[in-house]
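Structure record follows, encoded as structure tokens.
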Amino acid sequence: MTAIAVGADIALAVRGLRKSFQGGRVPVLQDVTLSIRSGERVALLGANGCGKSTLLRCMLRLIEPDAGTVDIGGVQVTGLRGRGLRRVRARVGLVFQKHNLVPRLSVLTNVLHGALARGLSFRVWRQSWAPAAERERALTCLDMVGLAHLADRRAGQLSGGQSQRVAIARALMQQPTTILADEPVASLDPVAADEVMEMFCRLVGQQGLTLVFVSHNLEHAVRYADRLIALRAGRIERDVPATGVQIEELRGLYE
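If you want it as structure tokens, here you go:
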């Protein structure tokens, strides 16, 4: 097991993480150990089935690991239950390939739902019920992603790129310190994907957030990440700074 950094500047630390499916017959993660510093942007790379998405979900215990520990902001997540687990999860925003918006509700209401992770009451379920301060915060988050002018539009009327921008605004509404993103632009066309990824990473930098994102887009990984972590067959094969890495060097991960 490789040594990991420790200290107050570590946003996320994973030690000896293992996960199998089908009663242990299908190993997915095998003794994964890593640490991510606060404010760092990390791309998780590797072929389909190598364990990237499972690792991301195990970090927040959306999937229970079989062994190992996960620390978020100095708090060990493994073993937490109830309110303690909810407190830690509230620090972590989630952005997925599927935007998971409520189509019949307004854009503003969908962003307000991000406040639920902070323990706010049912009043943030609808924009007409929400406290004025939370509505203003949601509008600010929408402005950050360039969509404040669509606050009253139904989410089901948005384009794919607009929907993902709203999903990012919802994550920012949560006021996280870390964001985990699983192929956040994979469902978008190339132009929209470039625009959304550039905007996403710019906002993360401006807010001083830690970002871990899964991507099959090697250009995005090299351009927007500070560090590349590549998995193969459930193990870390490469863990290197993104600076100076040539895309051709990474193509072997998919062979």
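Under my numbering, residues 24 to 278 are what the sequence shown spells out, in order.
In this text, a Cβ means the ideal position worked out from N, Cα and C, and glycines have one as well.
Quick caveat: nothing in here was measured; it's all calculated off a predicted structure.
Notebook entry, point to check: For lysine 42, which beta-bridge partners are listed by DSSP?
Noted result: Leu52
Checklist line | Buried/exposed call for tyrosine 277, threshold 16 Cβ in 10 Å | finding: exposed
Next item on the list: Report the residue from Val115, Pro213, Arg149 and Leu254 whose alpha carbon sits nearest the alpha carbon of isoleucine 191.
Entry: Val115
Next item on the list: Count the other CB atoms, across all protein chains shown, that sit within 10 Å of the CB of proline 207; report buried if there are 16 or more and exposed otherwise.
Entry: buried
Check: Quick check: the region 67–75 against the region 244–261, are there 3 or more CB pairs under 8 Å?
Finding: yes
Check: Counting Cβ pairs closer than 8 Å, one from the region 97–114 and one from the region 150–169, do we hit at least three?
Finding: no
Notebook entry, point to check: How about the region 179–196 and the region 115–128: do they share at least three Cβ pairs that are nearer than 8 Å?
Noted result: yes
Check: In angstroms, rounded to a whole number, what distance separates the CA positions of aspartate 89 and aspartate 175?
Finding: 44 Å
Next item on the list: For the alpha helix (DSSP H) containing glutamate 87, list its first residue and its last residue.
Entry: Premise fails: glutamate 87 is in no alpha helix (DSSP H) and is neither H nor E.
Next item on the list: Assign valine 98 to one of three DSSP states: helix, strand, or coil.
Entry: strand
Notebook entry, point to check: Based on Cα-Cα distance, which residue from Met196, Thr92, Val65 and Val227 lies nearest to glycine 142?
Noted result: Met196
Next item on the list: Check aspartate 166 in the structure and name its three-state DSSP category.
Entry: helix
Next item on the list: Just the C-alpha distance for arginine 64 and leucine 226, rounded to the nearest angstrom, thanks.
Entry: 12 Å
Check: Buried or exposed: which applies to threonine 132, given that a residue is buried once 16 or more other Cβ atoms fall within 10 Å of its Cβ?
Finding: buried
Check: Under three-state DSSP, which class holds aspartate 262?
Finding: strand
Next item on the list: Would you kindly check if the distance between the Cβ of arginine 188 and the Cβ of valine 168 is under 8 Å?
Entry: yes
Next item on the list: Thinking serine 61 and alanine 34 are a contact (beta carbons under 8 Å), I'd like their distance in whole angstroms, please.
Entry: 4 Å
Next item on the list: Kindly give me the distance between the Cβ atoms of alanine 194 and valine 118, rounded to whole angstroms, as I take these residues to be in contact under 8 Å.
Entry: 5 Å
Check: Under 8 Å, do leucine 254 and glycine 96 count as touching if we go by C-beta distance?
Finding: no
Next item on the list: Please name the residue, chosen from Ile252, Gly231 and Val268, that lies closest to valine 245 on a Cα-to-Cα basis.
Entry: Val268
Note to self: Is the separation between the beta-carbon of valine 51 and that of threonine 92 shorter than 8 Å?
What the structure shows: no
Next item on the list: Tell whether a beta-carbon distance below 8 Å holds between methionine 222 and histidine 243.
Entry: no
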